[in-house]
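**Q** Same order as they appear, the protein sequences are chains E and P. In our numbering, each residue carries its 1-based index in the first sequence increased by 36. In our numbering, each residue carries its 1-based index in the second sequence increased by 40. The structure is given below, and queries will be raised subsequently.
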Amino acid sequence: MQRVVCADEPTAAVASTGRAFHALAERELPRLYRLARRLVGDEAEDAVQDALLKGYRAYASLDDEVAAPAWLTAILVNCCRDRGRAKGRRVEETELEDADEFSLYRKIAAEDPFPYSDSLHLDFLHQFGREDVRAVLAELPELYRLPLVLCYCEGYHVKEIAYLLEVPLGTMLARLHRGRKLFERTLWDYAERHGLLKESARR
Amino acid sequence: MITCAEAVRQLWEYLDGVVEETDREAIEEHLSFCRRCCGELDFAEELRHFLARPDEPGLPDDVKARLLATLTELAGPA
């Protein structure tokens, strides 16, 4: 990769901008990588590489150094979203209509997987290890996983998420709602598929 | 008075603090007497904590080395 140097820009200024960006990015790398792991799993390294490239190109036009970490985060979130779009897994509408009606709470109560339990719903959740939760999140389409992770794992407010992902607030609220429903249904399906509902599988 | 279905549909939004004031009051009124919905509310809260749980492992050394190499190539040394 080549550094872009404008002919009329003093080389010293470019070097100084480069140093400042290097220092910023190096400081933020662990946080950015952890976020990318949550958003796009195994593609995290590529997403961070994309963000470094885009960030460096735009860094000279950033005028508020204090806002730099949040600015770089926004770039990373966009790179993660673009990776999802490029992969383009289409979500079947019927699949979502089913999910809209799904209630994990009621499903657990109706199926009663642990008949001797007096805290059925919590026992259901306790079957999932950290790896399982990660796997369930990874099964969701990016369209829904990104808002869910940003909201419930990273603690962003829905307005910030709408801004970061560049969609209207109403759309983001609807997407979060569907995302949660899809997450609930995927938890149940995952538990069934991986034998977490058998009494013998209880940890 | 709202129904259980209406209350349940908005529970997460209620917990996220993004429902309108009038909706919030209606949900709270419903929760004050509906035990079934209180169960749903507790569970929704558990699910929120549950989602916040998966810690990702830190930045592995080899990934860090590659990302720093990219950074140096792009922006020059620190």
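For every residue, glycine included, the Cβ atom is placed at its ideal position computed from N, Cα and C.
Which chain E residues sit within Cβ distance under 8 Å of arginine 93/P?
**A** Within chain E, the residues near arginine 93/P are Arg166, Val169.
**Q** To be precise: take each residue of the stretch 57–75 of chain E, compare its Cβ to all Cβ atoms of chain P, and keep it if any distance is under 7 Å. Which residues remain?
**A** Correct list: Phe57, His58, Ala59, Ala61, Glu62, Leu65, Pro66, Tyr69, Arg70, Arg73, Arg74.
**Q** In chain order, what are the residue ranges of uninterrupted beta strand (DSSP E) at least 3 long that sit wholly in the stretch 61–91 of chain E?
**A** Listed in chain order, there is nothing to give.
**Q** Compare the C-beta of glutamine 163/E with all C-beta atoms of chain C and state if any pair is closer than 9 Å.
**A** Of the protein chains in the structure, E and P, none is chain C.
**Q** Rounding to the nearest angstrom, what Cα-Cα distance links alanine 92/P and cysteine 189/E in this structure?
**A** Distance between the alpha carbons of alanine 92/P and cysteine 189/E: 4 Å.
**Q** Could you give the DSSP three-state label for aspartate 168/E: helix, strand or coil?
**A** The answer is helix: DSSP assigns aspartate 168/E an H, G or I state.
**Q** For proline 66/E, which residues from the same chain have a beta carbon less than 7 Å from its beta carbon, with the 5 sequence-adjacent residues on both sides left out?
**A** Hits under 7 Å: none found.
**Q** To the nearest angstrom, report how far apart threonine 43/P and alanine 145/E are at their CA atoms.
**A** Each residue's alpha carbon lies about 20 Å from the other.
**Q** Keeping to the same chain, check which residues put their C-beta closer than 6 Å to that of valine 84/E; ignore five residues upstream and five downstream.
**A** Around valine 84/E: Leu68, Tyr69, Ala72.
**Q** Which value, in whole angstroms, describes the spacing of the CA atoms of alanine 84/P and leucine 51/P?
**A** So the two alpha carbons sit approximately 7 Å from each other.
**Q** What span of residues does the alpha helix (DSSP H) with isoleucine 42/P cover, start to end?
**A** Unbroken run through isoleucine 42/P: none, as it is neither H nor E.
**Q** By Cβ distance below 6 Å, which residues in the same chain neighbour aspartate 56/P in space, the five residues on each side in sequence not counted?
**A** Hits under 6 Å: none found.
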